[in-house]
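Asks: The structure follows.
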Amino acid sequence: MYKVVYLEQVEADLKKLDKPVIRKILDRVEKYLAQDPKGIGKPLKGEFQGYWRYRWGDYRVIYKISEKEILIAVLRIAHRKSVYEQ
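Heads up: take any position in the sequence shown, counting from 1, add 72, and you land on the numbering used here.
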């Protein structure tokens, strides 16, 4: 099982979402993404190469996997229309 850490931007992202959505997304990240981040997610391409995304409905979780540290660093959690901005 991977350890999941959330970067500062995620806190700002979550403030923009409804509480039930936040609970469901974080629950799925901790239960499923932490178990198999490559099996449940998809690698990103282009300027985002090296990062992964997990899709839940209209929302995306953008993360980076560190196999050496057995760690998932979550960079963004946002609606699909705005998650790749910034």
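Beta carbons: idealized from backbone N, C-alpha and C, even for Gly.
For I181, which of helix, strand or coil comes out of DSSP?
Replies: No statement about residue 181 is possible, as the shown extent of the chain runs from 73 to 158 and does not include it.
Asks: In whole angstroms, give me the CA-to-CA distance for D99 and V93.
Replies: Answer to the nearest angstrom: the Cα atoms are 10 Å apart.
Asks: Report the rounded CA-to-CA distance for R152 versus V133, giving the unit in angstroms.
Replies: If you take the alpha carbons of R152 and V133, they lie about 9 Å apart.
Asks: At what residues does the beta strand (DSSP E) containing K75 begin and finish?
Replies: Unbroken beta strand (DSSP E) run through K75: K75 to Y78.
Asks: Of the choices I144, G111, K75 and W128, whose alpha-carbon is the least far from that of R95?
Replies: Out of I144, G111, K75 and W128, W128 has the C-alpha closest to the C-alpha of R95.
Asks: Please report the distance separating the alpha-carbon of Q30 from that of K75.
Replies: No answer is possible for residue 30: the residues shown for the chain start at 73 and end at 158.
Asks: On the three-state DSSP scale, how would you describe L143?
Replies: L143 falls in the strand class under three-state DSSP.
Asks: Just to confirm the assignment, what range does the beta strand (DSSP E) spanning R125 have?
Replies: R125 -> beta strand (DSSP E) spans W124 to W128.
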